[in-house]
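Structure record follows, encoded as structure tokens.
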Amino acid sequence: MATVSTAASDPDMRRVVTLVEELLREFPPATTDTTEFLKAQFDRGLAWVQFPAGRGGLGLPRNLQVTVQELLSAAGAPTMDHYLGNALGVGMIAPALVRHGRPDQWDAYLRPMFCGEEIWCQLFSEPAAGSDLSALRTRAVLDGDDWVINGQKIWTTAAHRAGRGLLMARTGDLESRHRGLAAFVVDMRDPRVDVRPLRQIDGSAHLNEVYFDDLRVPAADLIGAPDEGWQVAITIMMNERVSIGGGSAGEGSQALAEVVEVWRRREDRDPVMRDRLVQLAIKTRAADLLNRKAARDLAVDNPGPEGSLAKLIYSQLKQGVYEFGMDALDSEALLFGSYAFHHPEDHVPDGFEIQRHYLFARGDSIGGGTSEVMRNVIGERVLGLPKEPRP
Amino acid sequence: MATVSTAASDPDMRRVVTLVEELLREFPPATTDTTEFLKAQFDRGLAWVQFPAGRGGLGLPRNLQVTVQELLSAAGAPTMDHYLGNALGVGMIAPALVRHGRPDQWDAYLRPMFCGEEIWCQLFSEPAAGSDLSALRTRAVLDGDDWVINGQKIWTTAAHRAGRGLLMARTGDLESRHRGLAAFVVDMRDPRVDVRPLRQIDGSAHLNEVYFDDLRVPAADLIGAPDEGWQVAITIMMNERVSIGGGSAGEGSQALAEVVEVWRRREDRDPVMRDRLVQLAIKTRAADLLNRKAARDLAVDNPGPEGSLAKLIYSQLKQGVYEFGMDALDSEALLFGSYAFHHPEDHVPDGFEIQRHYLFARGDSIGGGTSEVMRNVIGERVLGLPKEPRP
Amino acid sequence: MTVDGARLDPSEYDELRQVLRAFFARCQPSEPPAEHTPPLDRGPWLRMARELGVQGLLVPERWGGAGATLAEVGLVFEEAGRALHPFPLLSTIGLATPALLASGNEVAMKRYLPGIADGSRVATLAFVEPAGRWNPGSYDTTAVARADGWQVSGVKDYVLDGGEADLVLVVADSADGQVMLAVDPRQPGVRVIDRPALDRSRSLARVELEAAPATLVAGPGRAPEALRHTVDTALVCLAAEQVGGGERCLEMSVGHARERVQFGRPIGSFQAIKHRCADMLVELESGRALQRAALEQVLHHSPDRHIATAMAKSFCSEMFRHLAAENIQIHGAMGFSWEFEAHRHYKRATAAAVLFGSPLDHRLRLAELLDY
Amino acid sequence: MTVDGARLDPSEYDELRQVLRAFFARCQPSEPPAEHTPPLDRGPWLRMARELGVQGLLVPERWGGAGATLAEVGLVFEEAGRALHPFPLLSTIGLATPALLASGNEVAMKRYLPGIADGSRVATLAFVEPAGRWNPGSYDTTAVARADGWQVSGVKDYVLDGGEADLVLVVADSADGQVMLAVDPRQPGVRVIDRPALDRSRSLARVELEAAPATLVAGPGRAPEALRHTVDTALVCLAAEQVGGGERCLEMSVGHARERVQFGRPIGSFQAIKHRCADMLVELESGRALQRAALEQVLHHSPDRHIATAMAKSFCSEMFRHLAAENIQIHGAMGFSWEFEAHRHYKRATAAAVLFGSPLDHRLRLAELLDY
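Chains as they are written, first to last, in this note's numbering: chain A, 22 to 412; chain B, 22 to 412; chain C, 651 to 1022; chain D, 651 to 1022.
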């Protein structure tokens, strides 16, 4: 790759490449247990190179992590996005813990998170506050050394299998809006946490409702100050957009490849449909190029609003790609396997993947910030346009 | 037509049909001078059937005018939109004069307007107030029996050939916003009115700047009360959207026919282009159907927000149609005749009509209220969605 | 083929619409189970025939119907589209009834139409085959006339409500050309297999025929034109259903946009939502205008009716699919939830766009008809 | 064919960009007259060669150039696109220079490149004919080798800056296949007719050749591949110009949206405008990414370069046209006025989309190349 060869003149890059080579030599991916490999990766500082040494990182620029992932991926090692099912923790919550939390919290949470022993979820949205966190109602009240939590969260990804959650709760009164929020680490296995799966368009339950009934959280599990929640949320959301938008490199290409396969099975290659496919191929190429650029540009701990761009593009692209896929299926698009209730990790391919992805793609422009919110972020934070007046 | 035959059972309809037949018998369109024909049409109450008797109307429901136009058009008589070049006066200003003005004003203005002896323009927009009339700055100050007008208007259609103008000016202070506005009839030939043509994208000057320097307007030329301007403007704008949006029946079909002709000249009929053309044909049919429906639904003097729908549809449609036309021209689209400065009425076809219409169509979504304003009107007045909060 | 029904006075339309809306609301089934399309609940279906006479609208009075026209039937489909009801309406009154009427076969009409009108007979038309083409030149299903009657063999697929039907009209090729036959699905040689449908509000079946006994409804002289007329009628009905569905989606979106507060304001006060709703209205009204025009043209057997139905179906398909998608988007995560109505419209819209030929299929036909 | 230029260090790009931007701003002509494209003002053109060395960027040092690469040339076109300057850049350095380099003809290069590099020679490539096809299989223009040199006859059209050119490279068919010839437009047998251009910032001409004397630049063994490479290079340059134009349109839109107050607020605070600008940015950045990738692939002669250039030109054409239209819309009536810059970008965008093949032409090629 041009990137690697260009940047390898840099001593940091050489150091990282050497460490990866050592890791791969000592723990050959083909014969090493995944968890064991990931622990070794963490201990060598190759989990998040931008994190402090001893906490999964090396204190190096964040963009070197891209090199690490490329090298590991080429060697067949487990990569974060594909093997962990913990993208939320690894991609979004970890950077927020490092930025806003204490070193003892880093020690407690980062290693089990990275090696997949502890899955994390993010407890933000509420029924009355979807995109608008300043309207959150879940309350945290200090009682001795504990915070007592009451309230309801909704649209929580992976809550049903998470060991830990990052909870946003109100420590001030409702009028304090975004100023009166705090972030806590909560134990999802506590009996005072009630997780109820939410079934979605395709029968799967990626999301959950979560109820808190007098949950006691030790004061030590507060992340940052009791009024720092909004800043924590912003750090997480910026990373979320990089993660949802970016995902693994070539996410767009994968979707495109699926529908190209359907297309090539067709007997007639209608020119109008073909032109649509070419247009999608061009957009996919553009999205993957932009996304790779965004991943390289990432500075330490500081993903900018470019993540919103990638998220907006990918969500539109995937909807367009799977709509094409459905149209290419023609009458077969009328059929679907089962809408049986299932958790996403139970999913077994049943021959109706295009239909399922088509249905599910409608959520891409909603989850993790709607496309409307993304356009606001781009308009205001990238282009510098004035905000809406507050009513 | 089904409409005519269904509604002809109605005595009003019979009366109108009889009057039209008489008019056509006494003034055969083939051998009658246009102005003479239009005067006769006015005198029989067939100019605007919904207007009072003796003032160009018969006091009948407005939708009967559609029948009049259909019958006259079928007989080859001059129709308002095509022959007068005074659509602004006839279509928009006349209804406002009747609704807000006095009978002596009707007598003075309606007949010369209808028969084309006096062209009218509408003096609303200003440099600092495009879509937002509540920010108008042109001032009218009462001095004895006259109002004294000072200020500047812009984007005024037909001002260079108008004999009269309907002027919106501020009688209150700037903070009075839309409440402190008045509507006046002004004499465009007064030397204190300075009309300067504004050249546009294709070299033509449909629009003008108009400067008022101590223009004195007799108090009798105020339309309605000195604070009734906003209501007058709304009446005009509602009629404007019907007129710009609707125009003559089949406006969409005419644009489509132009590009179909280009298309049929092509040697290769690319299927992707062909499908685009079919989609445009479908949209054209829909727009013409909707527009005809809107014209029929018009109640006396009371066009609703449906005009905004028609305007929004036609402006998008025409842009799409002429974009197709340009693409169908292929390399010929690179060529254009003359950008020489000209008034629209001087226009002579020069073989580059598609290019000219393509360029000019960009204005369709701007003039007479932008598409954004139209969507606000539809969202708020048709769908009942809440307004933007005032800052 | 004549359309001899008496048309309601338009002033009565509003009343009919209210009656239909109330009826559909009353018998709205609970959310359909995930694993299969629920079997037809015959109780409400019979009640609809008895109380409202919906199934008999097109049926002449001498065979127990109301002798009304496609105009009234269009209203039924608009309301059914709004209600998203799994009644087998499109099959029974959108396909089978016009097919029987267009056959001109008095014996067949007398035999089958009264049962349709009184609600005791669910009927459908099987014309598509496993290749999934809605407008093929010829059929693999073959019909043979024998001394003891006709026999039909072949496989039909994507048969609307095939699993519920008491009567299946089958289009097949015979030695003398295309024919339309009546098949009783309970006879030997007929196998009906339920297909898992993306849109669980409309069931689909595959019908396998092995020398199945059949009765001739239209012979080669009549069948092709009868099929064309049937498809035109069904296109108008489906487009009406799409208009109703689109209307409901816009209504839900506007309602939500008025109520839902985010960032201290109803979301409908934001232009992103307001303008989206305005564009939805533009599309809906355009679709409605095309559908109504197509209905009139089919009703009056106008020479341009094939153009009008293709335009209506093509546009309304994309309109409904788009409005259903926008409705999900405007509702946010709720729009995406199983418990909420929005996703069911999206599935209905997705499937309806495919039925009777995709928007592109119809546009390809239009390119020919318009000589572009 | 080799690309032997030395590439600037990326850290120097910003400086080059600033120098170019300042230069174009300084010699921006006043608004072009309506009746015709203004003749080239040779003063600034020579100054650009002398002070900035723009025309010689691609020219090897031994022929008076900078020996730089397409990467630097891409920057020039981005800035030229922003400035909407009527310099004959696309013809001289986007077409003629790469054609000469790709010909491998040392004699021709030695003869023509120094004059291009020092600004004394404006050059162009004439390949399209009156039918207006940018990628034809064969040419009606014919070339014949005679004892006293070559003669070429035929009509070329849509020749970029043909009216200004001191050198016209002509593509023609000879008895042995496609050839590329150098023609001096001042020679007898050559007639150059200015064409009235929609985009008055780029002049077009028709070149009529009647047994015009010509010099062979590339013979049948080299000409077809040289032409393909030239077109790939020109596509990248034009796409860069489109990116620059799009960037300028977005910049104007955002600036206006921040300043212009309507209904008591800057219009950029309304979501209708804000989201439009956000979508414009998405398109612009997508186009830029495709253009940069195509540039790299042509630079490195990568096997996928034809795919990359077709994608870039197709997407950037629609991007620029769309952004230029949006820019007019956001500016309202002002955007539509002759005095204001917006309409000139719209015309440039409209014409640029057609040059070297329409977006659809390129997508049709892509369908083949991608085996869809």
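From the three backbone atoms N, C-alpha and C, an ideal C-beta is built for every residue, glycine too.
Since the structure is predicted, the reported quantities are computational estimates derived from the model, not experimental observations.
Is residue 927/D helix, strand or coil by DSSP? Residue mapping note: residue 927/D aligns to position 277 of the fourth sequence, counting from 1. Here residue 927/D sits in helix by DSSP.
Would DSSP call residue 403/B helix, strand or coil? As a working note, residue 403/B is residue 382 in the second sequence. Shown here, residue 403/B sits in a helix according to DSSP, grouped into three states.
Compute the beta-carbon to beta-carbon distance between residue 865/C and residue 809/C, rounded to the nearest angstrom, for a pair I have assumed lies under 8 Å. The residue you call residue 865/C lines up with position 215 of the third sequence. The residue you call residue 809/C lines up with position 159 of the third sequence. Contact check for residue 865/C and residue 809/C: beta-carbon distance about 18 Å, past the 8 Å limit, so the pair fails to qualify.
Member of 329/A, 242/A, 194/A and 275/A whose CA lies at the smallest distance from the CA of residue 258/A: For the purposes of this step, residue 258/A is taken as residue 237 along the first sequence, with counting starting at 1. The option with the nearest alpha carbon to residue 258/A is 329/A.
Consider the Cβ of residue 944/D: report whether some Cβ of chain A lies at a distance smaller than 8 Å. For the purposes of this step, residue 944/D is identified with residue 294 of the fourth sequence, where counting begins at 1. By the rule that beta-carbons nearer than 8 Å mark a contact, residue 944/D does not touch chain A.
Under 7 Å Cβ-Cβ, which residues of chain A neighbour residue 772/C? For this step, residue 772/C is matched to residue 122 along the third sequence. What residue 772/C touches in chain A: nothing, since even the nearest Cβ is about 20 Å away.
Quick check: is the beta carbon of residue 407/B nearer than 8 Å to any beta carbon in chain C? Sequence index remark: in the second sequence, residue 407/B carries index 386 (1-based). For residue 407/B, the answer is yes, since a Cβ of chain C falls inside 8 Å of its Cβ.
Counting only beta-carbon separations shorter than 8 Å, does residue 282/B have a partner in chain D? Against the second sequence, residue 282/B aligns to sequence position 261. No, residue 282/B lies away from the interface with chain D (no Cβ there is under 8 Å from its Cβ).
At a CB-CB cut-off below 7 Å, which residues of chain D make contact with residue 922/C? Locating residue 922/C in the third sequence gives position 272, counting from the first residue. Under the 7 Å cutoff, chain D gives 921 and 925.
For residue 347/B, I'd like the list of residues in its chain whose CB is within less than 8 Å of its CB, leaving aside the five on either flank, ordered along the chain. The residue given as residue 347/B occupies position 326 in the second sequence. Hits under 8 Å: 354, 375, 376 and 379.
By alpha-carbon positions, which one of 730/C, 872/C, 976/C and 925/C ends up nearest to residue 405/B? Counting from one through the second sequence, the residue named residue 405/B turns up at place 384. With distances taken between Cα atoms, residue 405/B lies closest to 925/C.
Let me check you understand the geometry: is the CB of residue 742/D closer than 7 Å to at least one non-hydrogen atom of the ligand HEM? Of the ligands one can find in the structure shown there are none, so the ligand HEM has no counterpart to examine.
Partner residues on chain D for residue 397/A, Cβ-Cβ distance less than 9 Å: As a first step, residue 397/A must be located in the first sequence, where it is residue number 376. One finds 921, 924, 925 and 928 in chain D with Cβ atoms closer than 9 Å to the Cβ of residue 397/A, taken in chain order.
Less than 8 Å separating the beta-carbons of residue 713/C and residue 763/C? Here the question's residue 713/C lines up with position 63 in the third sequence. Here the question's residue 763/C lines up with position 113 in the third sequence. Less than 8 Å divides the Cβ of residue 713/C from the Cβ of residue 763/C.
Under 8 Å between the Cβ atoms of residue 144/B and residue 195/B? As a working mapping, residue 144/B is identified with position 123 in the second sequence. As a working mapping, residue 195/B is identified with position 174 in the second sequence. Taking 8 Å as the Cβ cut-off, residue 144/B and residue 195/B do not qualify as a contacting pair.
Along the region 301-312 of chain B, what residues have a CB closer than 8 Å to any CB found in chain C? 302, 303, 304, 306, 307, 308, 310 and 311
State the DSSP-derived secondary structure class of residue 191/A, mapped to helix, strand or coil. Taking the first residue of the first sequence as 1, we reach residue 191/A at position 170. In the structure shown, residue 191/A sits in a strand (DSSP, three-state: E or B).
Extent of the continuous beta strand (DSSP E) to which residue 235/B belongs: Locating residue 235/B in the second sequence gives position 214, counting from the first residue. It spans 228-239 - the beta strand (DSSP E) in which residue 235/B sits, taken as one unbroken run.
Please list the terminal residues of the continuous alpha helix (DSSP H) segment that includes residue 88/A. The residue you call residue 88/A lines up with position 67 of the first sequence. It spans 85-95 - the alpha helix (DSSP H) in which residue 88/A sits, taken as one unbroken run.
Determine whether the beta carbon atoms of residue 824/C and residue 870/C lie at a separation below 8 Å. Looking up residue 824/C in the third sequence gives position 174. Looking up residue 870/C in the third sequence gives position 220. It is a contact, given that the beta carbons lie within the stated cut-off.
Straight-line Cα distance separating residue 1017/C from residue 896/D: The count along the fourth sequence starts at 1 and reaches residue 896/D at position 246. The count along the third sequence starts at 1 and reaches residue 1017/C at position 367. If you take the alpha carbons of residue 896/D and residue 1017/C, they lie about 35 Å apart.
Name the residues in the region 287-299 of chain A whose C-beta lies less than 7 Å from a C-beta of chain E; which are they? The structure shown contains no chain E; its protein chains are A, B, C and D.
Check the DSSP bridge columns for residue 363/A and list the partner residues they point to. Walking along the first sequence from the start, residue 363/A turns up at place 342. Its beta-bridge partners are 225/A.
Expected contact under 8 Å - CB spacing of residue 373/A and residue 356/A to nearest Å: Residue mapping note: residue 373/A aligns to position 352 of the first sequence, counting from 1. Residue mapping note: residue 356/A aligns to position 335 of the first sequence, counting from 1. Contact holds; Cβ gap of about 7 Å.
What ranges does the beta strand (DSSP E) occupy inside the region 780-819 of chain D, keeping only unbroken runs of at least 3 residues that lie completely in it? 792-796 and 799-810
Residue span of the alpha helix (DSSP H) that contains residue 387/A, given as start and end: Counted from its first residue, the first sequence places residue 387/A at position 366. From DSSP, residue 387/A is part of no alpha helix (DSSP H); its letter is neither H nor E.
Would residue 913/C count as contacting chain A if we go by Cβ distances under 8 Å? Working through the third sequence from its first residue, we reach residue 913/C at position 263. It does; some Cβ of chain A falls within 8 Å.
Less than 8 Å between the C-beta atoms of residue 40/B and residue 99/B, yes or no? The count along the second sequence starts at 1 and reaches residue 40/B at position 19. The count along the second sequence starts at 1 and reaches residue 99/B at position 78. The beta carbons of residue 40/B and residue 99/B sit no closer together than 8 Å.
For residue 65/B, which residues of its own chain have a beta-carbon under 8 Å away from its beta-carbon, when the five flanking residues on both sides are left out? Stepping through the second sequence from its first residue, residue 65/B is reached at position 44. Counting only Cβ-Cβ distances below 8 Å, and skipping sequence neighbours, we find 40, 43 and 44.
Helix, strand or coil, according to DSSP, for residue 141/A in the structure here? Reading the first sequence from its first residue, position 120 is the one you call residue 141/A. DSSP, reduced to helix, strand and coil, places residue 141/A within a strand of the structure shown.
Could you name the residues of the same chain whose beta carbon sits closer than 7 Å to that of residue 109/A, not counting the 5 residues immediately before and after it, in chain order? Locating residue 109/A in the first sequence gives position 88, where the first residue counts as 1. Answer for residue 109/A: 141, 142, 143, 178 and 179, listed in chain order.
Please classify residue 939/D: does DSSP put it in a helix, a strand, or coil? Here the question's residue 939/D lines up with position 289 in the fourth sequence. The answer is helix: DSSP assigns residue 939/D an H, G or I state.
For residue 265/A, name the three-state secondary structure that DSSP assigns. Counted from its first residue, the first sequence places residue 265/A at position 244. In this predicted model, residue 265/A has a pLDDT of only 48, less than 50, meaning its place in the structure is not dependable enough to derive any value.
To test your reading of the DSSP string, which unbroken alpha helix (DSSP H) runs of 4 or more residues are found completely within the region 687-713 of chain D? 692-697
Using 8 Å as the cut-off, can you tell me whether the region 731-739 of chain D makes contact with the region 876-894 of chain D, which would need three or more C-beta pairs spanning the two stretches below that distance? yes
Whole angstroms is fine: what's the gap from residue 1036/D's alpha carbon to residue 1015/C's? Past the edges of chain D, shown from 651 to 1022, lies residue 1036/D, and the structure says nothing about it.
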